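Chemist:
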Amino acid sequence: MAGLTPSGQGNGSGYRRIVAPLLLPTWLMIGIFLVLPVLLMAIYSFLTKEFRGGVIWDFTLASYDQFFLNRGLFGDEPPVIEWTYITIFWRSIWQAAVATLICLAIGFPTAWFIATRPPRSRAIWLFLITIPYWVNLLIRTVSLKFLIRDNGPLNEPLMALGLITDPLPLVNTNLAVQLGLFYSYLPFMVLPIYAAVERYNFALSEAAADLYASRWVTLWEIVLPVVKPGIIAGCILVFVPSLGAFLAPDLLGGAKTFMIGSLIDEQFRGSQGNWPFGAAAAMILMTLVLIVLMFYARAQAREGAR
Amino acid sequence: MKKLLSTATAFALLAGAAHAEGKLSVYHWFEYIPQELVDKFTAETGIEVTIDTYDSNESMLAALKAGKLGQYDVAVPGDYMVEIMAKEGLLDSFAPADLPNFGNIAPEWVDVPFDPGRKSSIPYQWGSTAFSVNRDVYQGDINTLAMIFDPPAELQGKINVLDSQGEVLALGSIYLGIPQCSTDKEQLKALNDMLINAKQHWASFGSDTAKDVLVSGDAAAGMIYNGFSAKARAEGANVEYAYPKEGFVVWMDNVVLLKDAPNRDNALKFMNFLLDPENVAAVTNYAAYTSGVAGVEPFLDEAIKSSPENNPPADAPKGSFIQVCDQETQTLYDAIWTNLKK
Chain A
37 MAGLTPSGQG
47 NGSGYRRIVA
57 PLLLPTWLMI
67 GIFLVLPVLL
77 MAIYSFLTKE
87 FRGGVIWDFT
97 LASYDQFFLN
107 RGLFGDEPPV
117 IEWTYITIFW
127 RSIWQAAVAT
137 LICLAIGFPT
147 AWFIATRPPR
157 SRAIWLFLIT
167 IPYWVNLLIR
177 TVSLKFLIRD
187 NGPLNEPLMA
197 LGLITDPLPL
207 VNTNLAVQLG
217 LFYSYLPFMV
227 LPIYAAVERY
237 NFALSEAAAD
247 LYASRWVTLW
257 EIVLPVVKPG
267 IIAGCILVFV
277 PSLGAFLAPD
287 LLGGAKTFMI
297 GSLIDEQFRG
307 SQGNWPFGAA
317 AAMILMTLVL
327 IVLMFYARAQ
337 AREGAR
Chain B
12 MKKLLSTATA
22 FALLAGAAHA
32 EGKLSVYHWF
42 EYIPQELVDK
52 FTAETGIEVT
62 IDTYDSNESM
72 LAALKAGKLG
82 QYDVAVPGDY
92 MVEIMAKEGL
102 LDSFAPADLP
112 NFGNIAPEWV
122 DVPFDPGRKS
132 SIPYQWGSTA
142 FSVNRDVYQG
152 DINTLAMIFD
162 PPAELQGKIN
172 VLDSQGEVLA
182 LGSIYLGIPQ
192 CSTDKEQLKA
202 LNDMLINAKQ
212 HWASFGSDTA
222 KDVLVSGDAA
232 AGMIYNGFSA
242 KARAEGANVE
252 YAYPKEGFVV
262 WMDNVVLLKD
272 APNRDNALKF
282 MNFLLDPENV
292 AAVTNYAAYT
302 SGVAGVEPFL
312 DEAIKSSPEN
322 NPPADAPKGS
332 FIQVCDQETQ
342 TLYDAIWTNL
352 KK
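In order, the protein sequences belong to chains A and B.
Sequential numbering of the first sequence, starting at 37, is according to our numbering.
Sequential numbering of the second sequence, starting at 12, is according to our numbering.
See below:
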């Protein structure tokens with residue numbers, strides 16, 4: 037569309053007559069798959085919970101009240117700040133952040149490696165990166181659990197060799213969750229960084245070296261600013277789904293503590309479910325994510341203006 | 012009921028021979044009824060059976076409430092869900108005379124609290140929920156709920172707990188000897204504190220993984236359903252299923268006649284078919300639970316008949332059904348559960 041715009045400026049009305057119907061699918065997509073569901077969720081978060089699932093069409097702030105205020109187990113104490121859900125959110129954010137960092141630490145060198153291969157073998161490397169992701173996420177997560185369990189193929193040989201006496205406590209830990217998230221979302225980090233590095237003009241590195249920049253300075257001052265959009269895109273693509281993930285926390289972390297994803301999941305699943313509260317938690321999560329993305333967009337805009 | 016294997020195997024659209032005798036639409040737990048039995052019903056009656064499956068009582072309830080009522084003739088809810096469905100007006104009733112085999116129902120399962128006199132349901136399979144302990148890890152007496160809620164040193168940090176609010180809170184209440192739907196503040200606080208304290212010894216929460224963690228050795232003890240534990244033992248885990256002295260949870264799945272059933276007569280034929288000892292024994296042999304029909308013994312496999320999981324010791328107490336609390340009380344239990352998992 038962007039390519040059409042300049043020529044279209046000449047005769048505005050004719051251009052609009054052609055483009056408006058062409059844009060219709062886009063607007064329908066955005067309307068049906070984005071605006072409508074979010075609107076529904078927003079409305080549901082203000083409704084009254086029906087016993088055993090469902091909602092009653094009475095508008096109330098009860099769900100948000102439940103999220104932020106603690107009135108004691110019996111609801112008869114003076115309200116204080118409710119830390120339960122804030123803790124759950126904080127834990128999820130922390131897990132997602134660690135997973136993103138691991139992804140970045142491994143994904144950046146991987147992407148760099150692939151982008152610096154000869155063009156013909158790059159396709160093969162990318163292919164290799166994506167192959168595991170043809171397998172269902174659930175199966176990959178369960179397989180990871182098999183690998184790291186106390187008498188699994190990781191611990192048994194180490195113990196047989198006498199390197200460790202007790203199995204490494206991996207399964208049902210936070211580390212296992214982070215590992216699972218990292219494994220689930222690694223390509224989302226590698227691919228955008230690869231796209232950025234591939235466009236990087238290596239003559240710049242040579243120029244920097246000619247001007248006596250150390251390798252470290254070259255990386256920091258020349259390479260990183262250029263590939264930064266790829267890194268940021270990768271981080272967002274890993275962080276956002278990690279935040280809402282519940283497969284890895286449930287299967288690898290032992291489901292002992294709620295994460296945002298499992299908390300919301302629980303609200304819609306059981307007879308104990310609470311749809312408005314689940315919707316409210318999802319709205320709060322989305323607001324958080326949007327704030328982060330807005331800061332990113334503003335930073336991008338400032339970058340562009342410079 | 013509780014055969015929550017990790018993959019939801021679809022039994023969808025298992026049409027038998029296409030006779031003109033009509034149809035029957037069944038809403039059923041997955042991996043529960045053997046296909047041979049469905050085929051036998053079709054062969055005997057000419058009725059074409061369609062089965063859709065679900066993996067939890069709650070999802071079945073949600074689907075029916077969301078507009079699937081009127082599509083199915085029969086469903087297979089657990090005990091407490093029969094009561095909930097009756098209260099929600101989802102069930103139709105029948106007269107005992109509608110089912111020639113009604114008299115086959117084992118006497119103790121006719122007048123059940125969730126459907127007194129069996130007006131809309133017939134018994135299907137029943138079992139219990141307690142826990143199993145790996146005998147290689149712990150050799151002492153296991154018939155107490157303290158194994159889960161105040162575990163000995165050998166089991167600490169190696170316990171899996173069902174990821175199911177109803178069962179965990181019910182077993183916790185039984186352990187403390189308090190009613191399941193208490194509104195007494197002291198009792199609820201005691202339950203809350205006991206669970207929080209016990210949680211430090213738990214390794215994981217998981218229902219569909221309950222068998223797997225025992226077989227793999229990830230857990231040395233775990234809350235589990237008796238038939239599921241029998242399967243763990245069959246798969247090589249040296250586990251023993253406990254009948255704790257404080258009590259345990261019993262559950263029963265029931266075939267119910269749904270309201271607005273499109274093929275009501277065929278539904279009654281199917282229910283009558285499932286009250287025939289030979290037929291329901293086939294389900295028991297497949298699912299490894301216990302049937303609620305008298306006279307099934309001659310048709311049972313020896314391994315099922317003699318399994319320790321299905322034969323509580325003589326001194327075992329009676330189990331209790333999970334009770335349905337009213338909305339206000341349920342809110343308190345929901346809060347305890349969230350507090351436990353926060």
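A virtual CB, placed ideally from N, CA and C, is assigned to each residue, including glycine.
These figures come from a predicted structure and were not determined experimentally.
Have a look at the DSSP bridge pairing and note the partners of residue 34 (chain B).
Modeler: Indexing the second sequence from 1 puts residue 34 (chain B) at position 23. Residue 34 (chain B) pairs with B:59.
Chemist: Note the first and the last residue of the continuous alpha helix (DSSP H) segment covering residue 144 (chain A).
Modeler: On the first sequence, residue 144 (chain A) is found 108 positions in, with the first residue counted as 1. 119 to 151 is the span of the alpha helix (DSSP H), which, as asked, contains residue 144 (chain A).
Chemist: Note down the Cα distance separating residue 266 (chain B) from residue 52 (chain B), rounded to an integer number of angstroms.
Modeler: As a first step, residue 266 (chain B) is located in the second sequence; it is residue number 255 there, counting from the start. As a first step, residue 52 (chain B) is located in the second sequence; it is residue number 41 there, counting from the start. Cα to Cα, residue 266 (chain B) sits roughly 15 Å from residue 52 (chain B).
Chemist: For residue 229 (chain B), would you say it is in contact with chain A, using Cβ-to-Cβ distances shorter than 7 Å as the test?
Modeler: Position 218 of the second sequence, counting from 1, holds the residue named residue 229 (chain B). Closer than 7 Å to some Cβ of chain A, the Cβ of residue 229 (chain B) qualifies, so yes.
Chemist: Do residue 280 (chain B) and residue 61 (chain B) have their C-beta atoms closer together than 7 Å?
Modeler: Along the second sequence, read from residue 1 onward, the residue named residue 280 (chain B) stands at position 269. Along the second sequence, read from residue 1 onward, the residue named residue 61 (chain B) stands at position 50. Contact flag unset, no.
Chemist: Please state whether the Cβ-Cβ distance between residue 110 (chain B) and residue 283 (chain B) is less than 7 Å.
Modeler: Reading the second sequence from its first residue, position 99 is the one you call residue 110 (chain B). Reading the second sequence from its first residue, position 272 is the one you call residue 283 (chain B). Closer than 7 Å, so yes.
Chemist: Buried or exposed: where does residue 131 (chain A) fall if 16 or more other Cβ atoms within 10 Å of its Cβ makes it buried?
Modeler: What you label residue 131 (chain A) is simply residue 95 of the first sequence in a count that begins at 1. Residue 131 (chain A) comes out buried.
Chemist: Report the residues of the stretch 109 to 131 of chain A with a CB closer than 7 Å to any CB of chain B, ordered along the chain.
Modeler: Residues 109, 110, 120, 123, 124.
Chemist: Would you say residue 169 (chain B) faces chain A, with C-beta separation under 7 Å as the test?
Modeler: Numbered from 1 along the second sequence, position 158 holds the residue referred to as residue 169 (chain B). Judged by the 7 Å Cβ criterion, residue 169 (chain B) is not in contact with chain A.
Chemist: The beta strand (DSSP E) spanning residue 264 (chain B) covers which residue range?
Modeler: Within the second sequence, numbered from 1, the residue matching residue 264 (chain B) stands at position 253. Residues 260 to 268.
Chemist: Hey, is residue 1 (chain B)'s beta-carbon within less than 7 Å of any beta-carbon in chain A?
Modeler: Because chain B spans 12 through 353 in this model, residue 1 (chain B) falls outside it and cannot be assessed.
Chemist: Would the stretch 283 to 299 of chain A count as touching the stretch 73 to 82 of chain A if we require 3 or more Cβ pairs under 8 Å?
Modeler: With a cut-off of 8 Å, the stretch 73 to 82 of chain A and the stretch 283 to 299 of chain A do not count as touching, because too few Cβ pairs lie within range.
Chemist: If the criterion is Cβ atoms closer than 7 Å, does the pair residue 45 (chain B) and residue 303 (chain B) meet it?
Modeler: For the purposes of this step, residue 45 (chain B) is taken as the residue at position 34 of the second sequence. For the purposes of this step, residue 303 (chain B) is taken as the residue at position 292 of the second sequence. No; because the gap between Cβ atoms is not below 7 Å, this pair is not in contact.
Chemist: Measuring alpha carbon to alpha carbon, tell me which residue in B:349, B:294, B:79 is nearest residue 42 (chain B).
Modeler: If you number the second sequence from 1, residue 42 (chain B) lands on position 31. For the residues B:349, B:294, B:79, the minimum Cα distance to residue 42 (chain B) belongs to B:294.
Chemist: Look at the alpha carbon of residue 100 (chain A) and the alpha carbon of residue 147 (chain B), and state the distance between them as a whole number of angstroms.
Modeler: Sequence index remark: in the first sequence, residue 100 (chain A) carries index 64 (1-based). Sequence index remark: in the second sequence, residue 147 (chain B) carries index 136 (1-based). Cα to Cα, the separation comes out at about 49 Å.
Chemist: Less than 7 Å between the beta carbons of residue 299 (chain B) and residue 315 (chain B), yes or no?
Modeler: Locating residue 299 (chain B) in the second sequence gives position 288, counting from the first residue. Locating residue 315 (chain B) in the second sequence gives position 304, counting from the first residue. Yes, Cβ-Cβ distance for residue 299 (chain B) and residue 315 (chain B) is below 7 Å.
Chemist: Pop quiz: residue 118 (chain A) and residue 104 (chain A) are said to be a contact at Cβ under 8 Å. What is the actual Cβ separation, rounded to whole angstroms?
Modeler: Your numbering for residue 118 (chain A) matches position 82 in the first sequence. Your numbering for residue 104 (chain A) matches position 68 in the first sequence. Their Cβ separation, rounded to whole angstroms, is 6 Å, which keeps residue 118 (chain A) and residue 104 (chain A) in contact under 8 Å.
Chemist: Starting from residue 186 (chain A), find everything on chain B with Cβ-Cβ shorter than 7 Å and list it in chain order.
Modeler: Taking the first residue of the first sequence as position 1, residue 186 (chain A) is located at position 150. Correct list: 228, 229.
Chemist: Report the rounded CA-to-CA distance for residue 17 (chain B) versus residue 223 (chain B), giving the unit in angstroms.
Modeler: By one-based count along the second sequence, residue 17 (chain B) stands at place 6. By one-based count along the second sequence, residue 223 (chain B) stands at place 212. Residue confidence for residue 17 (chain B) is low, a pLDDT of 31 falling below 50, so the modelled location carries little weight; the figure read from the coordinates is stated next. If I take the Cα positions, the gap works out to 9 Å.
Chemist: Taking DSSP as the reference, what is the three-state secondary structure of residue 88 (chain B)?
Modeler: Numbered from its first residue, the second sequence carries residue 88 (chain B) at position 77. Reduced to three states, the DSSP call for residue 88 (chain B) is coil.
Chemist: Measure the C-alpha to C-alpha separation of residue 89 (chain B) and residue 255 (chain B) and round it to an integer number of angstroms.
Modeler: Within the second sequence, residue 89 (chain B) is the residue found at index 78, counting from 1. Within the second sequence, residue 255 (chain B) is the residue found at index 244, counting from 1. The straight-line gap from Cα to Cα measures roughly 22 Å.
Chemist: Could you check whether the Cβ of residue 104 (chain A) sits closer than 7 Å to any Cβ belonging to chain B?
Modeler: What you label residue 104 (chain A) is simply residue 68 of the first sequence in a count that begins at 1. Not closer than 7 Å to any Cβ of chain B, the Cβ of residue 104 (chain A) fails to qualify, so no.
Chemist: How big is the Cα-Cα spacing for residue 81 (chain A) and residue 302 (chain A)?
Modeler: Stepping through the first sequence from its first residue, residue 81 (chain A) is reached at position 45. Stepping through the first sequence from its first residue, residue 302 (chain A) is reached at position 266. About 15 Å.
Chemist: Listing by chain order, which chain B residues have their CB less than 7 Å from the CB of residue 249 (chain A)?
Modeler: Walking along the first sequence from the start, residue 249 (chain A) turns up at place 213. What residue 249 (chain A) touches in chain B: nothing, since even the nearest Cβ is about 51 Å away.
Chemist: Locate the beta strand (DSSP E) running through residue 218 (chain B), then write down its first and last residues.
Modeler: Numbered from its first residue, the second sequence carries residue 218 (chain B) at position 207. Where residue 218 (chain B) is concerned, there is no enclosing beta strand (DSSP E), given that its DSSP letter is neither H nor E.
Chemist: Just to confirm, are residue 83 (chain B) and residue 38 (chain B) a CB contact at a threshold of 7 Å?
Modeler: Counted from its first residue, the second sequence places residue 83 (chain B) at position 72. Counted from its first residue, the second sequence places residue 38 (chain B) at position 27. Contact flag set, yes.
Chemist: Starting from the Cα of residue 274 (chain B), find the closest Cα among B:58, B:50, B:311 and give me that residue.
Modeler: Residue 274 (chain B) sits at position 263 when you count from the first residue of the second sequence. When only C-alpha atoms are compared, the closest one is B:58.
Chemist: Take the Cβ of residue 128 (chain A) as the centre, count every other Cβ of all protein chains shown within 10 Å, and call the residue buried at 16 or more, exposed below.
Modeler: In the first sequence, counting from the first residue as 1, residue 128 (chain A) sits at position 92. Under this definition residue 128 (chain A) is a buried residue.
Chemist: Could you tell me which residues DSSP puts in a beta bridge with residue 123 (chain B)?
Modeler: By one-based count along the second sequence, residue 123 (chain B) stands at place 112. DSSP, once it has assigned bridges, lists B:126 as partnering residue 123 (chain B).
Chemist: What are the residues that DSSP puts in a beta bridge with residue 142 (chain B)?
Modeler: For the purposes of this step, residue 142 (chain B) is taken as residue 131 along the second sequence, with counting starting at 1. DSSP, once it has assigned bridges, lists B:234, B:253 as partnering residue 142 (chain B).
Chemist: Check each residue of the stretch 282 to 301 of chain A: if its Cβ is closer than 7 Å to any Cβ of chain B, include it; give the result in chain order.
Modeler: Within the stretch 282 to 301 of chain A, the residues whose Cβ lies closer than 7 Å to some Cβ of chain B are 290, 291, 292, 293, 294, listed in chain order.
Chemist: Determine the burial state of residue 276 (chain B): buried for a count of at least 16 other Cβ atoms within 10 Å of its Cβ, exposed for fewer.
Modeler: Indexing the second sequence from 1 puts residue 276 (chain B) at position 265. Burial call: exposed.
Chemist: Does residue 81 (chain A) have its Cβ less than 7 Å from a Cβ in chain B?
Modeler: Position 45 of the first sequence, counted from the start, is the residue given in the question as residue 81 (chain A). So, not an interface residue.
Chemist: If you follow the alpha helix (DSSP H) that residue 210 (chain A) is in, where does it begin and where does it stop?
Modeler: Mapped onto the first sequence, residue 210 (chain A) falls at position 174. First-last of the alpha helix (DSSP H) with residue 210 (chain A): 210 to 235.
Chemist: When you compare the stretch 207 to 220 of chain B with the stretch 163 to 182 of chain B, are there three or more beta-carbon pairs, one atom per stretch, that lie closer than 8 Å?
Modeler: These segments touch.
Chemist: Considering Cα atoms alone, identify which of A:299, A:188, A:333 is closest to residue 120 (chain A).
Modeler: Here residue 120 (chain A) corresponds to residue number 84 of the first sequence, with the count starting at 1. If we check each option's Cα against that of residue 120 (chain A), A:299 comes out closest.
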